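In my numbering, the protein residues as written are 1 to 108.
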């Protein structure tokens, strides 16, 4: 009789140990998942801020930047104009474009 009680208590201790082990594993997993979620939220916020900055930069370039750059090049003295066009052509080639003539850029 005492032997059966001992076996029953031992079986319950084994089950309890397994439950405790699983609980510890679940807590570790939950902590890791929360840390990863916080990292994802931070990355998302960074991406949102970067996107807002890109939109602002794009709008400025469309509204002012491209026009001012083009006017500055076109209004420059002839020697500076030639150098500016050469620099723009070199940068365009580096980016995978080529100048078909001075007033047009085409994709390769």
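Glycine residues also receive a C-beta, built at the ideal position from the N, C-alpha and C atoms.
Note that the structure is predicted; figures quoted are calculated from it, not measured.
If you draw a straight line from the C-alpha of residue i to the C-alpha of residue j, how long is it?
i, j, result
"residue 24", "residue 17", "11 Å"
"residue 44", "residue 71", "38 Å"
"residue 50", "residue 58", "12 Å"
"residue 74", "residue 86", "13 Å"
"residue 14", "residue 2", "18 Å"
"residue 5", "residue 35", "45 Å"
"residue 26", "residue 54", "41 Å"
"residue 8", "residue 42", "51 Å"
"residue 21", "residue 40", "29 Å"
"residue 88", "residue 52", "27 Å"
"residue 19", "residue 46", "40 Å"
Check residue i in the structure and name its three-state DSSP category.
i, result
"residue 1", "coil"
"residue 95", "coil"
Short of 7 Å in beta carbon distance, which residues of its chain neighbour residue i, apart from the five on each side in sequence? Order them along the chain.
i, result
"residue 77", "none"
Which residues in the same chain have their Cβ closer than 8 Å to the Cβ of residue i, if we skip the five residues on either side of it in sequence?
i, result
"residue 102", "Annotation note: pLDDT 49 at residue 102 (below 50); position unreliable, coordinate value reported separately. Hits under 8 Å: 85."
Quick check: is the beta carbon of residue i nearer than 8 Å to any beta carbon in chain D?
i, result
"residue 78", "The structure shown contains no chain D, having only a single protein chain."
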